[in-house]
Amino acid sequence: MKIKAQVAMVMNLDKCIGCHTCSVTCKTTWTNREGAEYMWFNNVETKPGIGYPKRWEDQELYKGGWQVNKKGKLELKSGSKLSKIALGKIFYNPDMPEMKDYYEPWTYDYEKLTMAGDSEHTPVARAKSVVTGEYMDLEWGPNWEDQLAGAHITGPKDPNIEKIEEEIKFNFEQAFMMYLPRLCEHCLNPSCVASCPSGAMYKREEDGIVLVDQEACRGWRYCMTGCPYKKVYFNWKTNKAEKCTFCFPRIESGLPTVCSETCTGRIRYLGVLLYDADRVLEAASTPDPKDLYKAQCDLFLDPSDPEVIEQARKDGISEEWIEAAQNSPVYKLAIEYKLAFPLHPEYRTLPMVWYVPPLSPIMNYFEGRDSIKNPDMIFPAIEEMRIPIQYLANMLTAGDTETVKKALQRMAMMRSYMRAVSSGKDFDEARLERVGLSAHQTKQMYRLLAIAKYEDRFVIPTSHKEGHMNAYRSQGSTGYEEMGDYSMGKTQSPYSYAAPISIEDGSCDGCGPVEPAKTGKQIYEENFYGGIWRD
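Under my numbering, read the sequence shown as residues 2 to 536, first letter to last.
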């Protein structure tokens with residue numbers, strides 16, 4: 002058993018109001034530059050709908066994620082690196098989404114308004130393409146389907162709708178609606194990393210965040226095809242791949258991501274999960290897609306188990322991270338309460354951004370009825386409402402409706418119990434046992450979902466960099482690599498007034514600069530050949 006730690010996220014879709022605050026703050030922080038205009042590391046989609054990019058969930062079209070071959074082995078749906086090279090496919094990518102599938106970014110010709118003189122007609126600011134600089138007609142955008150706009154046309158093309166039986170497809174005017182915030186899943190088994198011919202994408206050892214090495218990226222764009230969630234983008238200005246960074250500078254400092262920090266509905270939870278890295282391949286290779294959710298849950302380890310704690314220490318996980326895992330809201334929602342589920346587990350990437358399914362579409366059906374107060378009436382209704390249940394199951398559990406039903410029943414029972422407690426009415430606690438809850442668990446679940454404070458929702462330990470220099474103490478004593486020996490503190494710089502720090506005699510005690518074993522350039526030159534990573 003090899004224990005690793007992963008910073009994960011859970012989003013409570015029942016509280017998302019679709020305000021796009023997370024999208025805007027992420028956009029202004031990370032992709033407000035040339036070449037990244039069309040990139041939305043975080044976007045909020047209205048479901049049902051085909052999403053952004055168009056039909057991103059259709060892996061028969063885009064060939065994203067993994068599949069199990071006839072021999073029972075895991076392989077990329079888009080083909081292995083060797084097959085791409087042997088067939089010459091590396092020089093073209095027929096399965097990659099095009100700009101029209103995202104949208105062509107535009108601005109407006111505001112000069113027509115500001116410089117317009119007196120005229121008979123009102124001046125108009127026409128849309129102008131940011132890419133070509135030419136005038137254009139607007140045909141699509143990142144939130145084109147907001148509030149089910151145009152869903153009567155695009156909705157039936159939603160891959161999750163297409164999987165629902167023909168006789169229970171529905172009239173959108175009488176349908177449910179939900180919001181789905183999306184970002185990179187930072188998967189345990191990322192297909193984007195495996196797809197990159199240059200080895201430019203990597204998963205960080207310390208926290209599991211998946212990043213792109215801009216220096217190593219050669220613009221092959223197979224990461225865009227390999228990612229089934231279509232959260233890797235191509236910067237047409239720099240010719241490099243870019244993706245959600247999970248705000249790693251903030252995470253390293255113990256702060257939540259920008260999207261989590263600014264979320265108006267407070268729907269996001271961040272925490273640490275401990276998992277067995279040796280069993281990731283086994284879990285991803287589970288034959289039946291409906292068993293993938295359970296297989297992924299089995300990967301996560303109980304952070305309070307003494308044996309797990311002992312092994313985690315041996316594997317280099319610090320006490321601070323173990324304590325954070327023990328207090329993780331993500332572990333509570335996903336593993337203890339069984340309320341959160343991964344997005345499309347059938348892609349076999351083992352995603353680490355999970356979702357609590359919305360109960361509101363079902364509860365709204367009973368609005369104004371007595372049954373909303375009686376869980377005994379709600380439970381049969383949950384069974385009967387096949388459309389939203391099947392739709393949620395297609396998104397979150399590879400079609401397993403029973404698992405989603407149990408989560409919704411737990412949340413419905415929690416609402417009924419807390420309503421009785423707050424109003425001073427009697428409640429038969431035997432009902433809680435029917436859904437596998439105790440009164441204490443129900444109250445804790447309510448606290449976490451409804452009234453959790455900042456420190457309860459975000460339990461993020463700071464990163465450990467014992468091997469790094471104490472920048473403040475070393476200030477003025479070291480320089481750049483071009484300065485030779487001065488840069489490593491071996492000899493005092495002629496421009497320095499600080500005492501020299503010795504590395505050889507060990508007197509630095511972790512506070513001075515540390516000499517790296519190999520530079521990034523050396524590692525790159527040793528492991529790359531012709532733009533192909535040497536496996």
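In this text, a Cβ means the ideal position worked out from N, Cα and C, and glycines have one as well.
Quick caveat: nothing in here was measured; it's all calculated off a predicted structure.
Of all alpha-carbon atoms in Leu275, Lys244 and Phe428, the one lying nearest the alpha-carbon of Arg314 is that of Leu275.
Within a 10 Å sphere around the beta-carbon of His441 sit fewer than 16 other beta-carbons, which makes this residue exposed.
Per DSSP, the beta-bridge partners of Tyr270 are Val11.
An exposed status is given to Asn240, since fewer than 16 other beta-carbon atoms sit within 10 Å of its beta-carbon. Two segments are said to touch when three or more pairs of C-beta atoms, one from each, lie closer than 8 Å; by this definition the segment 250-268 does not touch the segment 222-234.
Rounded to whole angstroms, Ser319 and Lys74 show a C-alpha spacing of 35 Å. Counting C-beta atoms within 10 angstroms of its own C-beta, Lys101 has fewer than 16 neighbours from the protein chains shown and is therefore classed as exposed. If you check the CB distance, Asp208 and Val8 come in under 8 Å. Excluding five sequence positions before and after Pro343, the CB atoms of its chain that fall closer than 6 Å to its own CB belong to Pro352 and Trp355, given in chain order. The three-state secondary structure of Thr26, taken from DSSP, is helix. For Leu433, the CB contacts under 7 Å within the same chain, skipping 5 residues up- and downstream, are Met414, Tyr418, Ser439, Ala440 and Thr443 in chain order. Relative to Cys185, the option among Cys248, Cys218, Trp107 and Ala394 whose CA is nearest is Cys248. Judged by DSSP secondary structure, Arg56 falls outside any alpha helix (DSSP H); it is assigned neither H nor E. One thing to note: Lys113 has its Cβ within 8 Å of the Cβ of Val125. Counting along the chain, Pro182 sits inside the beta strand (DSSP E) bounded by residues Met179 to Arg183. In this structure, the alpha-carbon of Cys298 lies about 36 Å from that of Tyr104.
Note that the C-beta distance between Ala284 and Ala296 is below 8 Å. Under a 10 Å Cβ-count criterion, Leu14 is classified as buried, with 16 or more other Cβ atoms of the shown protein chains found around its own Cβ. If you compare the alpha carbons of Gln391, Thr32, Asp457 and Pro54 with that of Ile162, the shortest gap goes to Gln391.
In the displayed model, Met116 falls within coil according to three-state DSSP, outside both helix and strand. Residue ranges of uninterrupted alpha helix (DSSP H) with 4 or more members, entirely inside the segment 272-325 and ordered along the chain, are 281-285, 293-300 and 307-315.
Between Pro160 and Arg56, the gap from beta carbon to beta carbon is short of 8 Å. With a cutoff of 8 Å on beta-carbon distance, Ala326 and Val273 are scored as near each other. Taking Gly142 as the centre and dropping the five residues before and after it, the same chain places the C-beta of Tyr104 closer than 7 Å to its C-beta, in chain order.
For His187, the number of other beta carbons within 10 angstroms of its own is at least 16, and it is reported as buried. The residue among Glu206, Glu456, Arg183 and Glu76 with its C-alpha nearest the C-alpha of Cys193 is Glu76. Judged by DSSP secondary structure, Leu433 falls within the alpha helix (DSSP H) whose first and last residues are Ala431 to Arg435.
Contact annotation: Arg349 and Trp67 have beta-carbon atoms nearer than 8 Å. Distance check between Val357 and each of His345, Pro346, Tyr63 and Ala341 places Ala341 closest, using alpha-carbon atoms only. Secondary structure of Ser361 (DSSP, three-state): helix.
Here Arg183 is buried: its Cβ has 16 or more other Cβ atoms, across all protein chains shown, within 10 Å. The residues Asn161 and Lys164, in chain order, have a CB closer than 6 Å to that of Asn395 in the same chain once the five nearest residues on each side in sequence are set aside. In the structure shown, Ala242 falls within a strand segment according to DSSP collapsed to helix, strand and coil. Using a Cβ distance threshold of 8 Å, Cys27 and Gly266 do not count as a contacting pair. For Met178 and Asp138, the gap between their C-alpha atoms comes out near 29 Å.
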